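The listed protein sequences correspond, in order, to chains A and B.
Just remember that the numbering used here sits 600 ahead of the position in the first sequence, which is counted from 1.
Just remember that the numbering used here sits 47 ahead of the position in the second sequence, which is counted from 1.
All residues carry an ideal CB built from backbone N, CA and C; glycine is no exception.
Predicted model only: the values in this text are computed from it and were never measured.
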Amino acid sequence: MAIPEEVVKVIGKSLGEPQVFEIERGAIRRFADAVDDFNPLHRDVEYARSSKYGEIIAPVGFFGWPVKGAGIMAALGEAIAPIMGAGYFILLDGGIEYEPFIPIRAGDVLTFYARLADVPEKITSSGKSMLLPVIEMNFLNQNGDKVLTAHWNLIMRQP
Amino acid sequence: MSKQVYFEDVEVGAEVTPISKIATTQKLVMWAGASGDFNPLHYDSSFAASRGVGDPIIHGRIKAHWLVHLVENWIGEDGKIKKISCQYRRTDHPRKMNSEITCEEGETWWCKGTITKKYVQDSEHIVECDIWVENGSGEKTTPGKAVVALPSKE
Numbered sequence: 601m602a603i604p605e606e607v608v609k610v611i612g613k614s615l616g617e618p619q620v621f622e623i624e625r626g627a628i629r630r631f632a633d634a635v636d637d638f639n640p641l642h643r644d645v646e647y648a649r650s651s652k653y654g655e656i657i658a659p660v661g662f663f664g665w666p667v668k669g670a671g672i673m674a675a676l677g678e679a680i681a682p683i684m685g686a687g688y689f690i691l692l693d694g695g696i697e698y699e700p701f702i703p704i705r706a707g708d709v710l711t712f713y714a715r716l717a718d719v720p721e722k723i724t725s726s727g728k729s730m731l732l733p734v735i736e737m738n739f740l741n742q743n744g745d746k747v748l749t750a751h752w753n754l755i756m757r758q759p
Numbered sequence: 048m049s050k051q052v053y054f055e056d057v058e059v060g061a062e063v064t065p066i067s068k069i070a071t072t073q074k075l076v077m078w079a080g081a082s083g084d085f086n087p088l089h090y091d092s093s094f095a096a097s098r099g100v101g102d103p104i105i106h107g108r109i110k111a112h113w114l115v116h117l118v119e120n121w122i123g124e125d126g127k128i129k130k131i132s133c134q135y136r137r138t139d140h141p142r143k144m145n146s147e148i149t150c151e152e153g154e155t156w157w158c159k160g161t162i163t164k165k166y167v168q169d170s171e172h173i174v175e176c177d178i179w180v181e182n183g184s185g186e187k188t189t190p191g192k193a194v195v196a197l198p199s200k201e
């Protein structure tokens with residue numbers, strides 16, 4: 601089996617338009633509440649101000665799909681459409697990898713870019729083809745520095 | 048936060064200080080609002096049943112963040128995550144609510160890890176770990192890896 605031609609053509613392609621969004625203290629707090637993360641760096645302004653960060657910082661898990669993510673949803677649609685078109689209708693979320701470079705503070709303004717980094721094929725034990733799209737997401741801050749890269753791993757199967 | 052851990056304190060084979068987590072249907076709704084992931088698979092029973100997963104399932108990325116929390120809690124404020132990843136191998140179902148603020152008795156998840164490597168690279172003190180989320184039956188539903196830099200006493 602081989603990766604369908606229409607899928608090969610879109611590997612490496614940029615997905616969606618770059619999105620700009622501000623990191624808000626309240627959004628970080630609500631995120632931390634949802635996962636019972638009581639680290640004061642994510643919720644206590646006075647504590648965070650007196651820390652080496654000087655401000656509330658966003659936890660690493662805050663990023664990736666689909667936080668603040670209309671753009672990420674659009675990117676997902678662009679990535680999977682040609683793969684579904686090739687008959688791989690079943691979509692599963694496989695996992696995520698985060699690579700943080702610079703702490704992200706409340707008040708930072710980030711720009712988000714996504715691309716379809718790769719679509720490797722795996723043959724299942726029953727001999728069926730499975731495609732494993734990798735969506736790479738890069739976040740740049742207001743100074744143009746890359747603050748975080750995430751790789752989102754999908755699993756797409758034929759019915 | 049735990050007391051600061053240093054590179055010299057850790058040995059290959061030792062465990063990452065575990066943390067426990069409880070997911071409830073209410074927490075999943077909070078997560079949906081906080082993350083922007085409004086997939087009904089995670090809060091609508093009829094929809095989840097129609098997709099063949101039974102009851103609503105815990106978002107994979109909640110479990111990913113549980114593992115981030117495990118590692119951040121362990122490495123302390125002077126530690127730094129270089130890379131962290133996980134795979135969603137099995138689904139997990141949240142506890143249901145039995146009042147506006149309390150949930151039923153049920154499953155507790157444990158986030159755990161073991162140290163697999165330690166070395167110095169480009170003057171950073173690097174530690175690698177296997178990490179995972181364990182369900183109430185002790186099964187690893189969400190295995191992963193973390194690479195961190197720890198402060199050194201040198």
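- Going along chain A in order, which residues have a C-beta closer than 8 Å to the C-beta of K130 (chain B)? Near K130 (chain B) (Cβ distances below 8 Å), the residues of chain A are E697, Y698, E699.
- So, are the CB atoms of Y698 (chain A) and I173 (chain B) less than 7 Å apart? Taking 7 Å as the Cβ cut-off, Y698 (chain A) and I173 (chain B) do not qualify as a contacting pair.
- Q73 (chain B), enclosing alpha helix (DSSP H) - first and last residue: Start and end: 72 to 82.
- Task: Return no unless some Cβ of chain A is closer than 7 Å to the Cβ of G123 (chain B).
- Result: By this cut-off, G123 (chain B) is not an interface position.
- Beta-carbon of H116 (chain B) versus every beta-carbon of chain A: anything under 7 Å? Closer than 7 Å: yes.
- Task: Examine chain A for any beta-carbon lying closer than 7 Å to the beta-carbon of Y166 (chain B), and answer yes or no.
- Result: By the rule that beta-carbons nearer than 7 Å mark a contact, Y166 (chain B) does not touch chain A.
- Item | Reference L692 (chain A), options B:A81, B:I104, B:E186, closest by Cα | Ranked by Cα distance from L692 (chain A), the options B:A81, B:I104, B:E186 are led by B:I104.
- Beta-carbon spacing of Q134 (chain B), P190 (chain B) below 7 Å: Using a Cβ distance threshold of 7 Å, Q134 (chain B) and P190 (chain B) count as a contacting pair.
- Message: Using a Cβ-Cβ distance cut-off of 7 Å, determine whether G616 (chain A) contacts chain B.
- Response: No, G616 (chain A) lies away from the interface with chain B (no Cβ there is under 7 Å from its Cβ).
- Query: So is I148 (chain B) buried or exposed if we call it buried at 16+ other beta carbons inside 10 Å?
  - Reply: Result: exposed.
- Task: Please report how far the alpha carbon of K728 (chain A) lies from the alpha carbon of A686 (chain A), in whole angstroms.
- Result: Distance between K728 (chain A) and A686 (chain A), taken at the CA atoms: about 14 Å.
- Message: I need the DSSP call for S92 (chain B), collapsed to helix, strand or coil.
- Response: Shown here, S92 (chain B) sits in a helix according to DSSP, grouped into three states.
- Task: Taking all protein chains shown into account, decide if A632 (chain A) is buried (16 or more other Cβ within 10 angstroms of its Cβ) or exposed.
- Result: A632 (chain A) comes out buried.
- Message: By the three-class DSSP mapping on this structure, what secondary structure does V100 (chain B) have?
- Response: The answer is coil: DSSP assigns V100 (chain B) none of H, G, I, E or B.
- Where do the N-terminal and C-terminal ends of the beta strand (DSSP E) with E181 (chain B) fall, by residue? Unbroken beta strand (DSSP E) run through E181 (chain B): 171 to 181.
- Nearest CA to the CA of M756 (chain A): which residue from A:M737, A:T749, A:P733? Minimum Cα-Cα distance from M756 (chain A) among the listed residues A:M737, A:T749, A:P733 corresponds to A:P733.
- Task: Determine, using beta carbons only, whether T188 (chain B) and V194 (chain B) come nearer to each other than 7 Å.
- Result: For the 7 Å CB-CB criterion, T188 (chain B) and V194 (chain B) do not form a contact.
- Task: Please determine, among A:R705, A:I656, A:I623, the residue with the shortest C-alpha to C-alpha distance to F638 (chain A).
- Result: Looking only at A:R705, A:I656, A:I623, the smallest Cα-Cα distance to F638 (chain A) is reached by A:I656.
- Task: Could you spell out the range, first to last residue, of the alpha helix (DSSP H) harbouring S725 (chain A)?
- Result: First-last for S725 (chain A): undefined, no H or E at that position.
- Tell me whether M684 (chain A) is buried or exposed, calling it buried when 16 or more other Cβ atoms sit within 10 Å of its Cβ. The residue in question, M684 (chain A), is exposed, as its Cβ has fewer than 16 Cβ neighbours within 10 Å.
- Item | Three-state secondary structure assigned by DSSP to P604 (chain A) | Reduced to three states, the DSSP call for P604 (chain A) is coil.
- Item | Test: A648 (chain A) CB closer than 7 Å to a CB of chain B | Taking 7 Å as the threshold, the shortest C-beta distance from A648 (chain A) to chain B does not fall below it.
- Message: For the stretch 85 to 117 of chain B, list every residue whose C-beta sits within 7 Å of some C-beta in chain A, in sequence order.
- Response: The residues in question are G107, R108, I109, A111, H112, W113, V115, H116.
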